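Chemist:
Protein chains in written order, with our numbering: chain A, 1326 to 1440; chain B, 727 to 840.
1. Am I right that residue 742 of chain B and residue 806 of chain B are in contact with their C-beta atoms under 8 Å? What's the rounded C-beta distance?
2. Using only CA atoms, which one of B/736, B/756, B/804, B/829 lies nearest to residue 837 of chain B?
3. Less than 8 Å between the C-beta atoms of residue 751 of chain B and residue 819 of chain B, yes or no?
4. Are any of the Cβ atoms in chain B nearer than 8 Å to that of residue 1377 of chain A?
5. Following a CB-centred definition, is residue 808 of chain B positioned closer than 7 Å to any heavy atom of the ligand COA?
6. Compare the C-beta of residue 1385 of chain A with all C-beta atoms of chain B and state if any pair is closer than 8 Å.
7. So which residues of chain A does residue 834 of chain B contact, with C-beta pairs closer than 9 Å?
8. Under 8 Å, CB to CB, which of the residues in the segment 800-834 of chain B have a partner in chain A?
9. Quick check on DSSP: helix, strand or coil for residue 1440 of chain A?
10. So with CB distances below 8 Å, who are the chain A contacts of residue 779 of chain B?
11. Under 8 Å between C-beta atoms, does residue 1332 of chain A make it to chain C?
12. Do you know offhand how far residue 1332 of chain A's Cα is from residue 1434 of chain A's?
13. Using 10 angstroms around the beta-carbon of residue 1329 of chain A, count the other beta-carbons present and answer buried if the total reaches 16, otherwise exposed.
14. By the three-class DSSP mapping on this structure, what secondary structure does residue 775 of chain B have?
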């Protein structure tokens, strides 16, 4: 079982600031996903990264997959109150079965953007 | 499309009672799974299914049963509820593309066991 660490666990910043959250492990991943979960809702997929060093942008969100595929970061530029939520990373191990077994999720980063 | 529909949204049980959490998807996804989410523990996989008639255990299967008689439905059964099963339960359906498992979650079912 791969160990996942997301940091920071909690982050509260003012609107307009920039921030970065991290997802780290000692295991190598075949791919990694980031989800955002708002209170009272299920997680929603933001992005999937597959290639080591890959960078994907989604408006003000920038996702990077580490060169060694053991870690990932999510950077938010000019954070807005609508970015508030729980950010979860979900990597898929190199030797996962058939592809359809459930994902392993990190414990998440609770992000609050204050107006 | 409704996506993934979970019912009920809230439920209170007494210890020892049984109940079924319903999950239905209309996206024709082959794969479905159940997670529980607890403070400080994140999302943990209970059971999953790779197709109708096929199920398997996840990380925390004890106390839960599942079946998958149709592609659309994946109910989660608690045979004898315990306070430790107080949690928020999420059902997800998914497909695999480019080696990644793409999940769509329901809105969750909040269960309290007294």
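All residues carry an ideal CB built from backbone N, CA and C; glycine is no exception.
The structure presented is a predicted model; accordingly, all values stated were derived computationally and were not measured.
Modeler: On the basis of the data shown:
1. On the second chain, position 16 is the one that residue 742 of chain B refers to. On the second chain, position 80 is the one that residue 806 of chain B refers to. Indeed they touch by this definition, with Cβ atoms about 5 Å apart.
2. Numbered from 1 along the second chain, position 111 holds the residue referred to as residue 837 of chain B. The candidate whose alpha carbon is nearest that of residue 837 of chain B is B/736.
3. Counting from 1 along the second chain, the entry for residue 751 of chain B is found at position 25. Counting from 1 along the second chain, the entry for residue 819 of chain B is found at position 93. Cβ atoms of residue 751 of chain B and residue 819 of chain B: closer than 8 Å.
4. The count along the first chain starts at 1 and reaches residue 1377 of chain A at position 52. So no, residue 1377 of chain A is outside the interface.
5. Inclusion of the ligand COA in the displayed structure is not the case, the ligand content being empty and no account of it being possible.
6. One-based indexing of the first chain puts residue 1385 of chain A at position 60. False, the Cβ-Cβ gap to chain B never drops below 8 Å.
7. The residue given as residue 834 of chain B occupies position 108 in the second chain. Ordered by position in chain A, the residues that pass the 9 Å Cβ test against residue 834 of chain B are 1365, 1366, 1367.
8. The residues in question are 816, 818, 820, 822, 824, 825, 826, 827, 828, 829, 830, 831, 832, 833, 834.
9. Within the first chain, the letter at position 115 stands for residue 1440 of chain A. Residue state for residue 1440 of chain A is assigned as coil, using DSSP reduced to three classes.
10. Within the second chain, the letter at position 53 stands for residue 779 of chain B. Result: empty, since nearest Cβ-Cβ is about 14 Å, beyond 8 Å.
11. Reference to chain C is not applicable here, since the protein chains of this structure are A and B.
12. Here residue 1332 of chain A is taken as the residue at index 7 of the first chain, counted from 1. Here residue 1434 of chain A is taken as the residue at index 109 of the first chain, counted from 1. Each residue's Cα considered, the two are about 6 Å apart.
13. As a first step, residue 1329 of chain A must be located in the first chain, where it is residue number 4. When all chains shown are included, residue 1329 of chain A counts as buried.
14. In the second chain, the residue the question calls residue 775 of chain B occupies position 49. Reduced to three states, the DSSP call for residue 775 of chain B is strand.
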